[in-house]
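Numbering (the numbering used here), first residue to last: 1 to 191.
Ideal Cβ placement from N, Cα and C applies to all residues, glycine included.
These figures come from a predicted structure and were not determined experimentally.
Working notes, beginning with the structure itself.
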C-alpha cells in the first residue's frame, strides 16, 4: 500500500528539490527515498523508474520556466520584455540549477509528450517577447535560438562559477542584454 501523502506529484517535487540541492547528475532513487523517509521500493509505486522521475522533473522545470518568463514579460514589449524575461530565466537557473539541468538533459518521446508541450510553451513565451521587435517570420527561429543560447550559456556559466574575472557579473549581464536588444532591433528594422 502506498504511503499516505506520497503521490507521483510529491515524489516529483521531492526529486526536483533534491536535484537543486545535490545536482542533477547525483539523482538517485535511493537518495530520494532517504530524503522522503521511505524505502526505495516505495517510490516505484508512484514513478516507474529513475528515468521517469527525471522526465517528470524536466517537465516541471519547463513549466516553471514558462511561468517565470510569462509573468515577467506580461504587458511588456521589445527591450523591456527582453530584459525582464532574461532576468527571470537567469534567476530561475540560479535558484533551480538541478531542475534546469534536468530540463536540458531530457528529450521528448513525441509531440504529445508533456515535455514537448512544456518546451513549446517556453518557446511561445520567448516568441511573444520577440513579437515587439517585428522580426521577419523566416528569421524568428534563428532569433529564438540566439536568445536561448546566450541566456542559457550565461546562466549556466554563472551557476557553475565560470565567471572568475573580477568584473561585476550583473553589469556584464546588463551589457549582454543591451547588446542582444540592439541586434534584435536592427534585425526588425531590416524587415
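For the alpha helix (DSSP H) containing residue 174, name the first residue and the last one.
Unbroken alpha helix (DSSP H) run through residue 174: 169–190.
I'd like the span of the alpha helix (DSSP H) that includes residue 163, first residue to last.
Counting along the chain, residue 163 falls outside any alpha helix (DSSP H), and DSSP gives it neither H nor E.
Identify the continuous alpha helix (DSSP H) that holds residue 93 and give its terminal residues.
Counting along the chain, the alpha helix (DSSP H) containing residue 93 begins and ends at 78–95.
Our contact map puts residue 85 next to residue 129 with C-beta atoms below 8 Å; I'd like the distance itself, whole angstroms only.
5 Å
State whether the region 96–109 contacts the region 14–29, with contact taken as three or more CB pairs (one from each stretch) at a distance under 8 Å.
yes
Spatial distance of residue 157 from residue 41 (CA atoms):
37 Å
Of the residues 176, 23, 5, which one's Cα is nearest the Cα of residue 150?
176
Of the residues 144, 136, 181, the one placed nearest residue 190, counting alpha carbons only:
Of the listed residues, the one whose Cα sits closest to residue 190 is 136.
Do the region 114–132 and the region 69–86 make contact, defined as three or more Cβ pairs closer than 8 Å?
yes
Quick one, which of 23, 52, 122, 112 has its alpha-carbon nearest residue 148's?
122
Nearest to residue 50 by alpha carbon, out of 31, 66, 63?
31
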